[in-house]
Structures are given as C-alpha cells and as structure tokens.
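In what follows, a structure is listed as structure tokens, so that the remarks can point back to it.
There are 2 protein chains.
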Amino acid sequence: MTSARLMLGNGLAKDLAADTARRSEDFHQRAGRRPCLATVLVGDDPASVTYVRMKQNRCRQAGIESRHVALPDTTSTEELVAALTALSEDPEVDGILLQHPVPAQIDERAAFEAIAAGKDVDGVTMHSFAAMAFGLPGYDSCTPGGIMRLLDHHGVDPAGRHAVVIGRSPILGKPVAMLLLARDATVTVCHSKTQDLPAIVRTADIVVAAVGRPEFVRGDWLKPGAVVVDAGYNEGNVGDVAFDEAMSRADLVTPVPGGVGPMTISVLLDQTVRAAFEHAGLG
Amino acid sequence: MTSARLMLGNGLAKDLAADTARRSEDFHQRAGRRPCLATVLVGDDPASVTYVRMKQNRCRQAGIESRHVALPDTTSTEELVAALTALSEDPEVDGILLQHPVPAQIDERAAFEAIAAGKDVDGVTMHSFAAMAFGLPGYDSCTPGGIMRLLDHHGVDPAGRHAVVIGRSPILGKPVAMLLLARDATVTVCHSKTQDLPAIVRTADIVVAAVGRPEFVRGDWLKPGAVVVDAGYNEGNVGDVAFDEAMSRADLVTPVPGGVGPMTISVLLDQTVRAAFEHAGLG
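So the protein sequences, as listed, match chains A and B. Under my numbering, the first residue of the first sequence carries the number 3, and numbering increases by one thereafter. Under my numbering, the first residue of the second sequence carries the number 3, and numbering increases by one thereafter.
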C-alpha cells in the first residue's frame with residue numbers, strides 16, 4: 003500500500019517566524035521602536051490563558067513587543083468595545099488580537115468590529131473577511147492564511163481544482179473557502195446540514211476539514227491522490243481526519259499536531275510586522 | 003415530455019413594490035418626510051442612464067423621493083468619494099445607489115466603500131457582503147436578495163440541498179453563494195477556471211447561473227427536477243441558460259426576462275424604506 007506524503011507545518015512555520023524576526027529587527031532599526039501586538043483576554047479560561055501566553059512568547063522571540071490587556075470575566079460588551087477602540091486609536095499599537103471565545107454576555111461580533119481594519123492582524127473583522135473574498139489588500143484570518151501558505155509551500159496550486167471545505171465558521175471555514183476561490187479553485191462549502199457528505203468529499207482534489215469532530219472524515223471518503231488539510235484539533239491531539247486511513251489513500255496529508263497548527267501563530271506575527279511597516283509608512 | 007414550472011418574478015416583484023409603497027406612506031405619515039434614495043451616475047453611458055431612470059420612476063411610484071447626482075465622465079476617484087461621503091453624512095438621504103460600472107479611471111471599490119453601511123441599500127460594500135456571509139443584519143445585494151425571495155416564494159427551501167452557483171462577481175455570484183450557505187444549502191461556486199463544469203452542475207439541486215454568456219448552461223447539464231435560477235441578461239433578451247432545454251428537464255425555471263430581473267429594483271426600494279425607518283428610529 004502506498005503512503006501519502008506529509009504536509010508538515012513545523013519547519014515552514016519556523017522559517018516564516020525567522021523571516022518575521024528579521025523584518026521585525028529591520029523595522030526596529032528604521033522606526034526606532036519595535037512592532038507591537040496588543041493581546042486582549044477577557045476572563046481566565048485556562049486554555050485561553052495558555053494560548054495568549056504562547057502568542058506573547060512567540061512575539062518576544064520575533065522581537066515584537068506585546069502589550070497585554072486583561073479584563074475580568076464580568077466585562078460587558080461596551081467595556082470590551084471601549085478597550086478595543088482605545089487600542090485601535092493608540093499609535094503605538096500595530097496589531098490587536100482579541101482572544102476568543104469571549105464570555106457569553108459579550109457580543110463577540112461587536113467586539114471584533116471595534117478592531118480597526120488596519121490593526122486586524124488576526125483577520126476577524128467583517129472588513130478582513132470581505133478583503134479575503136474580494137482579493138483586496140488586508141489581513142487573512144490566521145489559520146486560513148496558514149493553510150494557503152502550507153499548500154503553496156508543498157506545490158499545491160488550487161487553480162481549477164475542486165476544493166471541499168467542511169465547516170463554515172466565520173474565522174475558518176468561510177474565509178478558507180474565499181481564499182481558495184480567490185486562487186481559482188472550484189469551492190464547495192459543506193456543513194452539518196449537508197446531505198451525503200462522503201459522496202461530496204469523494205469529488206474533492208483538496209479537502210479542508212474544519213469541523214472540530216475527532217476523526218470525522220474517514221479514509222474511504224477521500225479520492226485517491228487527494229490533498230488533505232486537517233484544521234481540526236480535538237482532545238487527545240486528534241484531528242478531524244482519520245489520519246492513518248487518509249495516509250493510505252491521499253497524496254498529501256497534514257498531521258495533527260504539526261500540520262496546520264504551527265502556521266497560525268506564525269501568520270499572526272508576520273501580519274503584525276506587516277501592519278507595523280504600514281502604520282509607519284515604511285511599507 | 004414533461005415541462006418545468008416557471009418561476010416568475012413579475013407578480014412577486016409587483017407585490018413587494020406594493021408593500022413597499024404602503025410602508026413608504028406609513029413612514030411619510032410618521033416621519034413627516036418621504037424615504038429618500040440618492041442615485042449617483044458618473045458619465046452618460048446610455049444603458050446606465052436608462053437603468054437610473056427606471057429606478058427613479060420606480061421610486062416615484064413607491065412614494066420614495068429620489069435625489070439624483072450626475073457627475074461628468076471625467077470624475078476622479080477622489081471627487082466621487084467626496085460626493086458619496088457627503089450623501090453618507092446627509093441626514094435627509096436614507097439610501098445611496100452608485101450606478102455601476104463606473105468609468106475606468108475610478109477605483110470602484112474605493113467609491114463603494116464611501117457609502118455608509120447603513121445607507122448601502124444596493125448591498126455593494128464590504129460590510130454588506132460580510133453581513134450576508136455571517137447572517138448579520140444588513141442590506142443584501144439586490145439581485146441575490148431577489149433570488150432568495152423568489153426561491154422562498156416558490157417554496158424552495160435551500161437547506162441541505164446542493165446549490166451550484168456559476169459566477170463569482172462581488173455583487174452576484176459571491177453574495178448569492180453566501181446567502182444560500184446562510185440558509186443551510188451546501189454551496190459550490192464555479193467560474194471560468196472550473197474543470198468539467200457540466201459534471202458539477204449535474205449534481206446540483208439548485209443552479210444559479212450568473213456568468214453573462216447567452217445560453218451557456220445547457221439542458222443536459224441539469225439534474226432532472228433541478229431548480230434553475232437564471233440571473234443572466236444578455237443581448238437579445240437571452241439568459242445564461244438554454245431556456246427550452248431547461249424547461250424540458252428541470253422542475254422550476256426562471257424565464258428571461260420576467261424571472262430574476264424584476265426582483266432587483268423591488269428589493270432596492272424595499273431596502274430603501276427599511277433604511278428610512280431605521281434612520282428615523284421608527285424601526
């Protein structure tokens with residue numbers, strides 16, 4: 003039985019981060035300050051605390067200053083919007099990351115929209131989404147942006163190929179569908195209401211699984227030779243695709259962990275440094 | 003040979019316009035002024051002049067005031083943006099329509115983005131697009147919004163069905179794909195780079211043709227019993243679908259003219275009156 007090649011993200015993410023660190027230092031030399039990412043955390047959900055800390059550590063390694071804003075889990079939408087508006091107007095802040103999910107009393111969309119488009123380095127605003135959809139300048143949602151870089155790096159040209167995206171969240175399924183479409187793939191978006199999902203996946207040259215259900219996509223759903231991107235990350239370090247089954251059928255497969263995951267923060271840092279250059283008019 | 007049923011837009015568009023006229027009069031009584039649509043035309047392209055005149059006439063019939071801004075075909079992006087910004091800030095204007103296409107020297111996207119989201123009753127801004135994609139309050143692109151109303155009126159529930167959209171323009175293909183996805187269809191977007199388009203169209207329960215090529219979609223591309231929405235309008239009153247062939251295979255087919263076409267302006271007027279109520283706080 004043949005075995006697929008692995009589409010690894012670790013090395014690529016590291017290379018991207020090294021390039022970001024070089025550009026960050028260049029910015030420092032030219033602008034007299036470091037690029038700055040503001041991280042905003044509401045409450046103290048342990049997973050969110052860990053994610054924010056990882057991002058801060060990665061900022062430090064790339065020579066990016068991080069400014070942290072911690073808000074209590076009783077924060078109202080108005081208070082969070084006010085904090086994000088202040089950061090949007092602060093000339094020393096280049097990028098803003100609102101760690102999500104936010105507590106249930108908060109209108110998450112209203113909070114996202116308080117992030118200035120020019121500082122939306124996490125790609126969560128409506129403006130960023132439309133920019134991805136229309137092929138306009140802007141910041142990608144980080145995981146979709148990472149997926150596109152992973153495909154490029156492994157020589158996968160989406161043009162004319164059929165890409166099936168499973169999942170339709172505003173920061174993963176929908177934006178990755180738009181990015182693939184902008185790169186001339188024929189794109190199908192599937193979700194929980196899709197009928198006969200396996201039959202649709204079987205027509206895909208490129209599958210992006212973003213459902214958040216462990217080993218949901220089975221090997222016999224895949225067209226032999228397909229490219230499989232697993233954007234899931236479930237309990238027990240398991241992705242959304244049955245990995246061993248996919249390896250015996252596909253051409254290229256992202257492992258979990260070590261595939262899509264490492265790309266996300268690297269794209270965030272890359273976009274932060276890009277925002278810094280743009281704000282300083284050093285583009 | 004069986005024949006499909008016609009999905010006619012004329013009657014529905016007329017009913018919608020009558021409802022809009024009633025709400026417009028109600029607004030007039032309560033607000034002491036009529037709803038107002040600003041139409042902006044750059045240059046004097048005969049087709050554009052005709053379209054704008056049709057919209058003004060339809061406004062009048064619905065009791066909507068229309069204010070026309072005519073700009074020379076030498077207008078710069080900056081001048082057009084300034085005119086649209088002034089209308090966006092004018093408290094007596096409820097909706098803004100920029101007739102497109104605009105002359106080549108103008109950055110059309112920059113012009114669209116000068117329209118305030120709350121007055122974008124033609125659904126052309128990035129904000130409106132993302133609102134359609136995310137199921138948030140906002141104004142639909144008029145033709146896609148008209149297509150959804152046409153489907154609803156004819157009892158076509160997109161949920162769980164496979165919709166294939168042919169075309170990916172920012173005001174037709176992409177937004178109608180997003181509206182169908184928001185209504186739980188499984189959605190495939192096809193375009194000029196799509197390979198084996200007939201095979202993909204054959205899997206569709208709902209086909210939306212928005213390519214602008216006369217009789218491009220052939221009858222033998224259709225799954226028997228499909229719902230066929232022809233959003234094309236080409237020279238000689240011909241749509242994007244080979245009509246007779248579609249009628250002998252599909253279940254429901256929009257004719258051209260008299261299908262999708264009449265819906266577009268009715269949705270524009272409907273959204274203008276809705277904007278008036280919202281601006282006046284009478285929602």
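Just so you know, even glycine gets a beta-carbon here, dropped at the ideal spot from N, CA and C.
DSSP on residue i, reduced to helix/strand/coil?
i: A/VAL258; result: coil
i: B/VAL189; result: strand
i: B/ALA252; result: coil
i: B/HIS155; result: helix
i: B/VAL42; result: strand
i: B/VAL83; result: helix
i: A/ARG36; result: coil
i: A/VAL210; result: strand
i: A/LEU284; result: coil
i: B/LEU224; result: coil
Along the chain, where does the beta strand (DSSP E) containing residue i start, and where does it finish?
i: B/GLU67; result: 67 to 73
i: B/GLY263; result: It is not in any beta strand (DSSP E) - B/GLY263 instead sits in the alpha helix (DSSP H) that spans 263 to 281.
i: B/GLY97; result: 97 to 100
i: B/ALA165; result: 164 to 168
i: A/VAL230; result: 229 to 232
Should residue i be flagged as near chain B, meaning a C-beta pair shorter than 9 Å?
i: A/PRO226; result: no
i: A/LEU138; result: yes
i: A/ALA135; result: yes
i: A/MET128; result: yes
i: A/THR205; result: yes
i: A/ILE202; result: yes
i: A/ASP124; result: no
i: A/LYS176; result: yes
i: A/THR145; result: no
i: A/PRO172; result: yes
For the alpha helix (DSSP H) containing residue i, list its first residue and its last residue.
i: A/LEU14; result: 12 to 33
i: B/THR205; result: Element bounds for B/THR205: n/a, residue is neither H nor E.
i: A/VAL51; result: 48 to 63
i: A/GLY120; result: Looking at the DSSP string, A/GLY120 is not in any alpha helix (DSSP H), and its letter there is neither H nor E.
i: B/PRO103; result: Counting along the chain, B/PRO103 falls outside any alpha helix (DSSP H), and DSSP gives it neither H nor E.
i: B/MET134; result: 128 to 136
i: A/LYS176; result: 175 to 184
i: A/GLU286; result: Outside the shown range of chain A, which is 3 to 285, sits residue 286 of chain A, and nothing can be said about it.
i: A/GLU110; result: 110 to 115
Under 9 Å, Cβ to Cβ, is there at least one residue of chain A near residue i?
i: B/VAL231; result: no
i: B/VAL191; result: yes
i: B/LEU183; result: yes
i: B/PHE131; result: yes
i: B/ARG111; result: yes
i: B/THR196; result: yes
i: B/THR77; result: no
i: B/THR188; result: yes
Would you say residue i faces chain D, with C-beta separation under 9 Å as the test?
i: B/GLY162; result: This model lacks chain D altogether, as its protein chains are A and B.
Round the Cβ separation of residue i and residue j to the nearest angstrom and send it over; I've been treating them as touching at under 8 Å.
i: B/HIS193; j: B/GLY169; result: 7 Å
i: A/SER250; j: A/LEU18; result: The Cβ separation is near 30 Å, so there is no contact.
i: B/ILE208; j: B/VAL229; result: 5 Å
i: A/GLY148; j: A/GLY125; result: The pair is not a contact, with the Cβ atoms about 11 Å apart (cut-off 8 Å).
i: B/LYS195; j: A/GLY162; result: 5 Å
Suppose contacts are defined by Cβ-Cβ distances below 9 Å. Is residue i in contact with residue j by that definition?
i: B/ARG215; j: B/ASP242; result: yes
i: B/LEU271; j: B/HIS155; result: no
i: B/VAL231; j: B/LEU153; result: yes
i: A/ALA64; j: A/VAL275; result: yes
i: B/CYS144; j: B/MET9; result: no
i: B/ARG69; j: B/LEU39; result: yes
i: B/ARG7; j: B/ASP159; result: no
i: B/SER26; j: B/ALA212; result: no
i: B/HIS129; j: A/HIS129; result: yes
i: B/ALA206; j: B/VAL262; result: no
i: B/GLU115; j: B/ARG35; result: no
i: A/GLN197; j: B/THR188; result: yes
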